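Residues 5 to 554 (our numbering) are what the sequence shown spells out, left to right. Report on the following structure.
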Amino acid sequence: MKFCSLPVHLRLNSLVVMLCRPLLGLLAMTFFAASELAAEAPAITSIFPPGLQQGSTVEFKLTGKPGTQPVSVVSSSNALGEFKFSEKGDQLTITAAADAQPGLHWLRFHNAEGATSQLPILVGVLPEMTEKEPNNSAEEAEKIESLPILINGVLHKGGEVDTFAVTLSDGETLVASVDAHAAFESPMDSVLQILDADGYVIEQNDDDHGNDSLIAFQAPHQGTFLVRIFCFPATPNSTINFAGGSTYRYRLTLTSGPFVTSRTVTSGKPLGWNLDKADPKQLESGTTSAFHQIHQLIAKQNPVTEADAAKAVQTIPFAVSGVIEKSEELDVFRFTGKKGESLQLRVQARAIGSHLDPVLKIRDSQGKVLKEFDDISRKDQDINNAWKVPSDGEYQLEISDRFNHAGFRYVYLLTAELNTPRADLTVTADHFEAKRDKPIEIPVAINRLHGFNKELLVSVKNLPEGATAEAVKSEAKGDSAKKVTLKIDVKNAAGFQGPIQIVGSIGDEKSEVIATSPLQVTPLTTSDLWLTIPAKPEEKPEEKPAEKEK
Numbered sequence: 005m006k007f008c009s010l011p012v013h014l015r016l017n018s019l020v021v022m023l024c025r026p027l028l029g030l031l032a033m034t035f036f037a038a039s040e041l042a043a044e045a046p047a048i049t050s051i052f053p054p055g056l057q058q059g060s061t062v063e064f065k066l067t068g069k070p071g072t073q074p075v076s077v078v079s080s081s082n083a084l085g086e087f088k089f090s091e092k093g094d095q096l097t098i099t100a101a102a103d104a105q106p107g108l109h110w111l112r113f114h115n116a117e118g119a120t121s122q123l124p125i126l127v128g129v130l131p132e133m134t135e136k137e138p139n140n141s142a143e144e145a146e147k148i149e150s151l152p153i154l155i156n157g158v159l160h161k162g163g164e165v166d167t168f169a170v171t172l173s174d175g176e177t178l179v180a181s182v183d184a185h186a187a188f189e190s191p192m193d194s195v196l197q198i199l200d201a202d203g204y205v206i207e208q209n210d211d212d213h214g215n216d217s218l219i220a221f222q223a224p225h226q227g228t229f230l231v232r233i234f235c236f237p238a239t240p241n242s243t244i245n246f247a248g249g250s251t252y253r254y255r256l257t258l259t260s261g262p263f264v265t266s267r268t269v270t271s272g273k274p275l276g277w278n279l280d281k282a283d284p285k286q287l288e289s290g291t292t293s294a295f296h297q298i299h300q301l302i303a304k305q306n307p308v309t310e311a312d313a314a315k316a317v318q319t320i321p322f323a324v325s326g327v328i329e330k331s332e333e334l335d336v337f338r339f340t341g342k343k344g345e346s347l348q349l350r351v352q353a354r355a356i357g358s359h360l361d362p363v364l365k366i367r368d369s370q371g372k373v374l375k376e377f378d379d380i381s382r383k384d385q386d387i388n389n390a391w392k393v394p395s396d397g398e399y400q401l402e403i404s405d406r407f408n409h410a411g412f413r414y415v416y417l418l419t420a421e422l423n424t425p426r427a428d429l430t431v432t433a434d435h436f437e438a439k440r441d442k443p444i445e446i447p448v449a450i451n452r453l454h455g456f457n458k459e460l461l462v463s464v465k466n467l468p469e470g471a472t473a474e475a476v477k478s479e480a481k482g483d484s485a486k487k488v489t490l491k492i493d494v495k496n497a498a499g500f501q502g503p504i505q506i507v508g509s510i511g512d513e514k515s516e517v518i519a520t521s522p523l524q525v526t527p528l529t530t531s532d533l534w535l536t537i538p539a540k541p542e543e544k545p546e547e548k549p550a551e552k553e554k
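So this is what it looks like as structure tokens:
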């Protein structure tokens, strides 16, 4: 190149352009790379408050990184909607329909980069409020103006205590109930106390339903009483102080009105406190606000009433819910069995908030005890066991409490069904983020139960156009009998955010096994899996080689 033929200032400018051109290209590449790196999937781990009342609109604080906007929300229920993020993306406004189903719902946050796991959100029917600090001491107790009320709170740090003051009449029964660990996996093991106006503890409870607390307190006189809540970690550690942190969220119900703890579907009988204050028709139909915290005993297999089950001889499968109301009570149910049948016998009690420590005995028609079942494990006092019928005939199932305790809190759900060969499919996550440069691999665990020895063809449903995943065979024996790996190739697919399903097909049979993933609230699972495929990179126009200067 000949610069001498140009004026000096033009020669210098040309030299600067030539020297800077690669640097400018590098800076541009760095800028676009940084822009791509800056885009993040949402990493929201929890919301506060943990729930909202039917028919209300509430602004929720999001814990974790909100991710790159725009972020969208998918709900497990159409009754939750009108989602609106704050400008910073760290808060979200949600509206619950007036007829939203009370109980647990799920939210998933997603954008073009990825998605969160499904997060729990509770819908209640009582008026709600959020606790206000400071309220650590009796002197600072937050005054509750009217009952009933549901208080959303956080034990923000170790050593924190939240205190509330309520006024009760002589003989009035206050029910104070915590929903936290069992309801939405808050990491707290709560302790609940009732104190008099001078700060002396009158009653205390922990572990009423799981790690959550409940007290039904009858006021000995008219006056002000204090309700105090604190906690220890649900997973014990070396800390000897009260626990706390941003995730130590709770919902505390305070009511002197009707409060239902459970309702047996097979009898329709509601159980709880202050039920005489409820409208009988609403109580019978389940539409009263008393049902704000309820463990409904749902019998899926041929439900029968406790009274009918006690009289008639049942055939397998069947289910019955009942109550051990009197000390040393035995509930007996007769059934017919055939030699060699494998039965699965379950008694759910602690899992549904019951105080029953169930014992299940199997007797023959002459009353001889053939088998006795007790706790599943040291940490699980319910019953879930298989039993093989020794011969054709009539048998009895006998339920009692281990320590002969009784009362309306001692409810149970008994299920008896045949064990048939089957397979369960599970994956460890409920959302997957694909990359364009290589297929995404999804390991699928296969649990073969009760002699299931057929081949399974495991595949992915609802993939977008251009995404492919070859079905993988799970043989009856060998390594693939227990685990296979699906590979989803997305190089030819457009950007995608949406649900997929992983299924196992059994030969020529029409039946399918749908894979599930654990949810945040143990032991719940979901088959609603989510796939994110990044948008195709924009094709860059070919750069023409620079012409040489003459």
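Note that beta-carbon positions come from the ideal geometry of N, C-alpha and C, so glycine has one too. All figures in this text were calculated on a predicted structure; none of them were measured in a lab.
**Asked** Which one of Glu333, Asp378, Gly397 and Arg354 has the shortest CA to CA distance from Lys343?
**Response** Selected option, being the one with the closest Cα: Gly397.
**Item:** For Ile48 and Glu123, believed in contact at Cβ under 8 Å, the rounded distance
**Value:** Per the sequence presented here, residue 123 reads as Leu, with Glu not at that position. That belief holds up - the Cβ atoms of Leu123 and Ile48 are roughly 7 Å apart, short of 8 Å.
**Message:** If you follow the alpha helix (DSSP H) that Ala186 is in, where does it begin and where does it stop?
**Reply:** That run of the alpha helix (DSSP H) goes His185 to Phe188.
**Prompt:** Would you say the segment 363-373 touches the segment 425-438, given that touching needs at least three Cβ pairs under 8 Å?
**Reply:** Contact check between the segment 363-373 and the segment 425-438: fewer than three CB pairs, one atom from each, fall below 8 Å, which does not count as touching.
**Request:** Rank Thr340, Asp434, Ile506 and Pro53 by C-alpha distance to the C-alpha of Asp183 and give the top, closest one.
**Result:** In terms of CA proximity to Asp183, Pro53 leads the group Thr340, Asp434, Ile506 and Pro53.
**Request:** Would you mind giving the Cβ-Cβ distance between Thr536 and Glu437, rounded to the nearest angstrom? I have them listed as a contact below 8 Å.
**Result:** Your pair Thr536 and Glu437 checks out as a contact, with CB atoms roughly 5 Å apart and the cut at 8 Å.
**Request:** Give the DSSP-derived three-state secondary structure of Ser484 in the structure shown.
**Result:** Here DSSP, grouped into helix, strand and coil, assigns Ser484 to helix.
**Request:** Report the rounded CA-to-CA distance for Gln208 versus Asn215, giving the unit in angstroms.
**Result:** Each residue's Cα considered, the two are about 14 Å apart.
**Asked** Grouping DSSP H, G and I as helix and E and B as strand, with all else coil, what is Gln197?
**Response** Collapsing the DSSP output to three states places Gln197 in a strand.
**Prompt:** Bridge partners of Thr340, per DSSP?
**Reply:** Per DSSP, Thr319 and Glu398.
**Item:** Any 3 or more C-beta pairs closer than 8 Å across the segment 246-260 and the segment 146-159
**Value:** Segments in contact, yes.
**Cut-off 6 Å between Cβ atoms - residues of its own chain near Gly118, not counting five sequence neighbours on either side** = Contacts found: Ala45, Glu437 and Thr536.
**Request:** Quick one: using the 10 Å Cβ neighbour count with 16 as the cut-off for buried, is His454 buried or exposed?
**Result:** Classification of His454: exposed, given that the 10 Å Cβ count is below 16.
**Message:** Within the continuous beta strand (DSSP E) that includes Gly508, where are the two ends?
**Reply:** Counting along the chain, the beta strand (DSSP E) containing Gly508 begins and ends at Phe500 to Ile510.
**Beta-carbon proximity list for Thr259, same chain, < 6 Å, skipping 5 on both sides** = The residues are Leu151, Pro152 and Val179.
**Prompt:** If you follow the beta strand (DSSP E) that Asp428 is part of, which residue opens it and which one closes it?
**Reply:** Membership of Asp428 in the beta strand (DSSP E) is indicated by the continuous run Arg426 to Thr430.
**Prompt:** With DSSP run on the structure shown, which of helix, strand or coil describes Asp280?
**Reply:** When DSSP states are grouped into helix, strand and coil, Asp280 belongs to the helix group.
**Asked** Where do the ends of the beta strand (DSSP E) carrying His109 lie?
**Response** It spans Gly107 to His114 - the beta strand (DSSP E) in which His109 sits, taken as one unbroken run.
**Request:** Take Glu332 and list the residues in its own chain whose beta-carbon comes closer than 6 Å to its own, dropping the five residues that flank it on each side.
**Result:** Excluding positions up to five away in sequence, the list reads Asn408.
**Sequence-distant residues of its chain with Cβ nearer than 6 Å to Leu287 (five each side left out)** = Once the five neighbours on either side are set aside, the close Cβ partners of Leu287 are Pro274.
**Item:** the segment 344-360 touching the segment 384-394, judged by at least three CB pairs closer than 8 Å
**Value:** With a cut-off of 8 Å on Cβ pairs, the segment 344-360 is in contact with the segment 384-394, counting three or more such pairs.
**Message:** Is it the case that the segment 515-533 contacts the segment 478-495, given that we only count it when at least three CB pairs across the two stretches are under 8 Å?
**Reply:** Of all C-beta pairs linking the segment 478-495 to the segment 515-533, fewer than three are shorter than 8 Å, placing the two stretches out of contact.
**Request:** Determine contact between the segment 186-205 and the segment 226-240, defined as no fewer than three beta-carbon pairs at a distance below 8 Å.
**Result:** Touching, yes.
**Request:** Measure the alpha-carbon distance for Asp379 versus Glu149 and round it to whole angstroms.
**Result:** Rounded to whole angstroms, Asp379 to Glu149 spans 44 Å at the Cα level.
**Request:** Quick one: grab the DSSP three-state call for Lys92.
**Result:** Secondary structure of Lys92 (DSSP, three-state): coil.
**Message:** Measuring only the C-alpha atoms, how far is Ile244 from Gly162?
**Reply:** Rounded to whole angstroms, Ile244 to Gly162 spans 10 Å at the Cα level.
**Message:** Quick check on Arg255: does DSSP put it in helix, strand or coil?
**Reply:** Strand.
**Request:** Take Ser80 and list the residues in its own chain whose beta-carbon comes closer than 6 Å to its own, dropping the five residues that flank it on each side.
**Result:** Answer for Ser80: His109 and Trp110, listed in chain order.
**Message:** Can you find the residues in the same chain that come closer than 6 Å, C-beta to C-beta, to Thr97, ignoring five residues on each side of it along the sequence?
**Reply:** These residues qualify, in order along the chain: Glu63 and Lys88.
**Item:** Rounded Cβ spacing between Ala43 and Gln501 (contact assumed at less than 8 Å)
**Value:** Between Ala43 and Gln501 a beta carbon distance of about 14 Å is seen, past the 8 Å cut, so the two are scored as non-contacting.
**Prompt:** Pro240 to Asp210, Cα distance in whole Å?
**Reply:** Cα-Cα distance, rounded: 15 Å.
**Prompt:** Would DSSP call Ala355 helix, strand or coil?
**Reply:** Helix, per DSSP.
**Request:** Give the single residue among Gly341, Lys540 and Phe229 whose Cα lies nearest to the Cα of Glu143.
**Result:** Looking at the Cα atoms, Phe229 is the closest of the given residues.
**Message:** Spatial neighbours of Pro503 within its chain, please: C-beta separation below 7 Å, excluding the five flanking residues on both sides.
**Reply:** For Pro503, where only same-chain residues beyond five positions count, the Cβ hits under 7 Å are Asn466, Asp532, Leu533 and Trp534.
**Coil, strand or helix - Lys65 by DSSP** = In the structure shown, Lys65 falls within a strand segment according to DSSP collapsed to helix, strand and coil.
**C-beta contact flag for Tyr414 and Leu334 at 9 Å** = No, the pair does not count as a contact, with Cβ atoms beyond the cut-off.
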